[in-house]
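I have placed the structure first, in the form of structure tokens, so that the comments after it can refer back to it.
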Amino acid sequence: MQRNPPHMSIIQNRKAFHDYFIEEKLEAGLVLEGWEVKAIRAGRVQLKESYVDWKNGAFWLIGCHITPLQSASTHVNPDPVRPRKLLMSQEQINRFIGKVERAGYTMMALDLHYTKGNVKAEVGLAKGKKLHDKRDTEKDREWQREKQRVMKNQRGAA
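full-length UniProt numbering numbers the first residue of the sequence shown as 1 and each following residue consecutively.
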């Protein structure tokens with residue numbers, strides 16, 4: 001019997017799925033300070049405005065806001081939006097660099113989760129949606145909801 005599920009989600013970036021087509025996903029580790037881990041465990045993290053950038057030979061998570069806890073960060077001067085380095089293998093880095101620089105993709109942080117007790121980030125290769133694509137996605141979502149509602153009512157009547 002398994003004690004912990006393989007992925008326990010902390011926060012998801014729903015805005016990324018609304019604004020972008022996610023083509024490929026990848027799990028990466030994060031370089032965090034102690035107060036950041038405590039704040040993430042308390043659920044004080046925001047991914048809405050974050051993205052992944054390539055500089056100095058590594059990918060960095062930019063714009064992820066981690067609100068420090070009062071009790072855990074008394075002796076440090078926390079920076080809630082500091083860039084955080086992503087830990088990826090060289091093969092993954094090379095593959096993603098090529099797609100970001102040549103094919104015009106953007107890298108987005110899709111969610112933060114626990115894997116074996118460690119905080120990991122799921123990063124996705126994204127292509128921007130146009131306004132009509134967003135409308136189509138919303139229309140499909142509404143249709144799925146309506147279909148479920150009809151199916152539920154049919155089962156209840158039978």
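Cβ atoms here follow ideal geometry from the backbone N, Cα and C, with glycine treated the same way.
Helix, strand or coil at residue i [DSSP, three-state]
i: M8; result: strand
i: G63; result: coil
i: K139; result: helix
i: A28; result: strand
i: M1; result: Low per-residue confidence applies at M1: pLDDT is 45, beneath 50, and the placement is therefore not dependable, though the value from the model is reported in the following sentence. Of the three classes helix, strand and coil, the one that applies to M1 here is coil, per DSSP.
i: residue 199; result: With the chain covering 1 to 158 only, the question about residue 199 has no answer from this structure.
Beta-ladder partner(s) of residue i, from DSSP
i: T106; result: A126
i: A121; result: A28 and L112
i: V52; result: L61 and M107
i: V45; result: I66
i: F96; result: DSSP, once it has assigned bridges, lists no residue as partnering F96.
i: R84; result: L61
Inter-residue Cα distance where the pair is residue i and residue j
i: A103; j: K152; result: 44 Å
i: E138; j: R44; result: 29 Å
i: N4; j: M88; result: A caution first: N4 carries a pLDDT of 48, below 50, which makes its placement in the model too unreliable to give a value.
i: L47; j: L110; result: 8 Å
i: H132; j: E142; result: 15 Å
i: P83; j: G63; result: 7 Å
i: I22; j: D136; result: 16 Å
i: Y51; j: E146; result: 34 Å
i: N77; j: I97; result: 33 Å
i: M1; j: E101; result: Only weak support exists for where M1 lies, its pLDDT of 45 falling under 50; the value from the coordinates is given anyway. Spanning the two alpha carbons is a distance of roughly 45 Å.
Chain-order list of residues whose beta-carbon lies under 6 Å from that of residue i (same chain, five-residue window excluded)
i: E24; result: L125
Which listed residue (the options) has its alpha carbon closest to that of residue i
i: W60; options: L131, M108 and T115; result: M108
i: T106; options: K129, I10 and S89; result: K129
i: V37; options: R145, Y20, G117 and Q12; result: G117
i: W35; options: L47, S71, E49 and G29; result: S71
i: R41; options: H132, Y114 and A121; result: Y114
i: I11; options: A39, A28 and L112; result: L112
Contact set for residue i: own chain, Cβ-Cβ below 8 Å, skip 5 residues either direction
i: P80; result: H65, I66, T67 and P68
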